[in-house]
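Heads up: the structure comes next, in structure tokens.
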Amino acid sequence: MARIKRAAAKVLMFAIVTGISGTIFGCTPVEREPESPAPAEPQAKQEQNGENTKVGEQPDQAPQEVDAAGTYSPVKARDRDFYAPNTEDLGPNEMRLIACGTGMPTARPKQAASCWLLELGNGEKFIFDIGTGSAERVAALQIPYNYLDKVFLSHLHTDHFGDLDALFVGGALAGRQKPLRVWGPSAETPERGTKYALDHLRKALTWDLDGRQGLTDPRGYHLDVTEFDYMGMNAVIYQENGVTIRSFPAIHSLDGPVSFVVEWNGFKFVFGGDTYPNKWYAKYAKGADLAIHECFIAVPDMIDKFKFTPQSALAVGTQIHTAPEAFGKVMSIIKPRMAVAYHFFKDFDTTASINDRIRTTYDGPLSLSIDYMVWNITKDEIRVRMAIVDEDVWPPPATEKPQLPDQSKRIPYSPEISGGKLDMKKVLQPVYDEINKQYGTHETQE
Ligand SMILES: [Zn+2]
Ligand SMILES: [Zn+2]
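Using the numbering used here, the letters of the sequence shown correspond one by one to residues 833 to 1278.
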């Protein structure tokens, strides 16, 4: 059983909010003893602390890992304050946001470019931006690709859509049995719009897609593109299954970029694409439960570490993007329950500077994001953790039975190329025999 049961997850949550003073509950589901009385000491601590506890909610009872004398058990597991993908149920009134890319257009191992996965308690999942390098972060979450079929692009810089091809093709190969749906803005001319970009991306993939015909389930190799008006003012661009998504313009590079608002179940989530601080974000993001907004590298770091000239650093860092001081000012206006900053290289020697600069203009709740940061959002609290992922991850199973491809769709090699094959029939026949025997198939070599 891979999943932590809901009740056990609640114990875990309780232990984390109350357990910092030394008493922590065990959380292993098989060890739960529902009949045993609730331990007295943590209750008392809960009352003393008086923070983060929910009125009327009692913790599930579980065996203690610390005995009455305060001695740690040598055999019971201790809670861990991280998110292990694919091990926690999402409550019906809960959202989870995972940062799958928080970095810059220039690739680095630690931070992919902009990408955010929003999961709702009704089962809906949305990807906002799919910047360069982010597809592997999405893969690390082990979510079946059939559930990752909706992508919203804030604009067409590669650090915001550069891994769309990886999600499109890799996802289809690994179980997305339906088209990939993509929403993105128009622009001043058709050639700068999302539809043009993705029509041409599809064309650029002609060799890739042609060569896959007749080999695997064909249903995922289609892009379903919706281009919406970039000038829409909080205009609805998506409305399904109780979820409404709106867009409004951003000010960045050229006309075209946008930001998004998601409304669901009384929650308001805002994803801001790249922008100079703008009046529409100040208006439409107001009061968000969670508001993401870009916060660019501080200008001195752009010069010292990124080797920009002072002229370029000032122009890019304050006029094309949002400087940390300006990010803080925006958040002071909209007052979200949680402000999330991204779009800077977050290192030991840049984080303090970003934080100090934001704090000159904003003193509210703040997350300086990094890849794999996770936010669980309920009406009562916003819990922030890091995901710990398995680098050896394999794709999760397809959610539906794969459709067998039409092998007649295979495009043959030319006689010249085909004629270059070494004779491997004898070498490969045992593989066919093994698989035909195990799966009852009757496959033969070409
Ligand atoms: Zn951009
Ligand atoms: Zn960007």
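The C-beta atom is built at its ideal place from N, Cα and C for all residues, glycine as well. Being a predicted model, the structure only gives us computed values, none of them experimental.
Each of His989 and Asp1106 has a C-beta closer than 5 Å to some heavy atom of ligand 1; these make up the full list, in chain order. Here the C-alpha atom of Pro917 lies approximately 27 Å from the C-alpha atom of Thr1048. Rounded to the nearest angstrom, the Cβ distance from Met1134 to Gly1149 is 5 Å, consistent with a contact under 8 Å. In terms of Cβ geometry, Ile1069 and Val1094 do not form a close pair [threshold 8 Å]. The beta-bridge partner set that DSSP reports for Arg1078 consists of Val1068 and Val1093. If only complete runs of 4 or more residues are kept, the region 1176-1250 shows the alpha helix (DSSP H) at 1183-1190 and 1247-1250, in order along the chain. Proximity to Gln1235 across Glu1266, Arg912, Tyr1053 and His1274 peaks at Tyr1053, based on C-alpha coordinates.
Here Leu1254 carries a coil assignment [DSSP, helix/strand/coil]. When secondary structure is reduced to three states using DSSP, Glu1059 falls in the strand class. In the DSSP assignment, Tyr1174 forms a beta bridge with Glu1126. Rounded to whole angstroms, Phe1080 and Tyr1028 show a C-alpha spacing of 20 Å. If you draw a straight line from the Cα of Pro1237 to the Cα of Asp1106, it comes to about 41 Å.
In the three-state scheme derived from DSSP, where H, G and I count as helix and E and B as strand, Pro1011 is classed as coil. Residue pairing by DSSP places Gly933 opposite Cys947 in a beta bridge.
Scanning its chain for C-beta atoms nearer than 6 Å, with the 5 sequence neighbours on each side dropped, one finds around Ala1230 the residues Gly1007, in chain order. Every alpha helix (DSSP H) of 4 residues or more that sits fully in the region 989-1038 is shown, in chain order, as 990-993 and 1026-1036. Beta-carbon to beta-carbon, Leu929 and Ile962 are separated by about 15 Å, too far to satisfy the 8 Å threshold. Taking the Cα positions, Phe960 is about 6 Å away from Cys947. For ligand 2, no non-hydrogen atom lies closer than 7 Å to the CB of Ser1144. Per the coordinates, the alpha-carbon of Ala1117 lies some 6 Å from the alpha-carbon of Val1102. Look at Asp1061: its beta carbon is at least 7 Å from all of the heavy atoms in ligand 2.
Val1162: not part of any beta strand (DSSP E); member of the alpha helix (DSSP H) spanning Pro1156 to Ile1166, first to last residue. For the set Thr1273, Tyr1174, Asp921 and Lys1167, the Cα lying nearest the Cα of Ala1155 is the one of Tyr1174. Between Met927 and Leu949, the C-beta spacing is not below 8 Å. Counting along the chain, Asp911 sits inside no beta strand (DSSP E), nor does DSSP assign it H or E at all. Between the region 989-1003 and the region 1247-1257 there are fewer than three C-beta pairs closer than 8 Å, too few to call the two in contact. By DSSP's assignment, Tyr904 forms a beta bridge with Val898.
When C-beta atoms of the region 1205-1219 are compared with those of the region 1015-1026, fewer than three pairs fall below 8 Å, so the two segments do not count as touching. If you draw a straight line from the Cα of Arg1191 to the Cα of Ala931, it comes to about 22 Å. DSSP lists Val1093 and Ala1123 as the bridge partner or partners of Val1102. Ala944 is not a Cβ neighbour of Gly955, given a cutoff of 8 Å.
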